[in-house]
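Participant: This structure is in structure tokens; I'll ask about it shortly.
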Amino acid sequence: MQTEEREAEVKVRSQSTTLEELIKDCHDSFSRPLQVETPSRSTKRSITSFTENCPVQLQESYDSVFSYLQSAGKDASKLFTSLLELEGLGRRYSNRKLQSEKDLEHYE
Numbered sequence: 001m002q003t004e005e006r007e008a009e010v011k012v013r014s015q016s017t018t019l020e021e022l023i024k025d026c027h028d029s030f031s032r033p034l035q036v037e038t039p040s041r042s043t044k045r046s047i048t049s050f051t052e053n054c055p056v057q058l059q060e061s062y063d064s065v066f067s068y069l070q071s072a073g074k075d076a077s078k079l080f081t082s083l084l085e086l087e088g089l090g091r092r093y094s095n096r097k098l099q100s101e102k103d104l105e106h107y108e
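Counting along the sequence shown from 1, when you hit position 34 you're at 34 in full-length UniProt numbering, and nothing is skipped either side.
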């Protein structure tokens, strides 16, 4: 890659993001590299069960927040953390495998 191309890429990646970009970049930087310790070394508690309406409630909340924070289309404001910052945090948090609920709380 040429120097000019690299500089242009760094410039784009260091700009603030829209809400939609933030959500995608958080998924790529935090969720994908997430690793969990082997089950024999993990906490043995049962998994919390959700109510059957949980996905519907989450979607309603997501839609409400999204419409409040993000204008539609190309007019979307870039108000959120840059991709470079998110990638740095993702590397920092993915260095350790999760071993317990407490680790997950810190990760969240």
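All C-beta atoms in this analysis are idealised placements derived from N, C-alpha and C, irrespective of residue type, glycine included. Keep in mind it's a predicted model, so treat the numbers as computed, not measured.
(1) Is the stretch 80-92 touching the stretch 8-26 in the sense that three or more CB pairs, one from each, lie closer than 8 Å?
(2) Report buried or exposed for LEU22, applying the criterion of at least 16 other Cβ atoms within 10 angstroms of its Cβ.
(3) Return yes when the Cβ of LEU98 is within less than 8 Å of the Cβ of LEU104, no when it is not.
(4) Kindly indicate which three-state DSSP category residue 110 falls into: helix, strand or coil?
(5) Mind checking who THR17 pairs with in its DSSP beta bridge?
(6) Since VAL65 is in the alpha helix (DSSP H), which residue starts that stretch and which ends it?
(7) Looking at GLU87: is its Cβ nearer than 8 Å to the Cβ of SER29?
Facilitator: Answer, in terms of the structure:
(1) Yes, they touch.
(2) Buried is the call here.
(3) In this structure, LEU98 lies closer than 8 Å to LEU104 by Cβ.
(4) In the structure as shown, the chain starts at 1 and stops at 108, and residue 110 therefore has no counterpart that could be examined.
(5) DSSP output for THR17 lists PHE80 as bridge partner(s).
(6) For VAL65, the enclosing alpha helix (DSSP H) stretches over residues 54-69.
(7) Their beta carbons are under 8 Å apart, which means GLU87 touches SER29 by this criterion.
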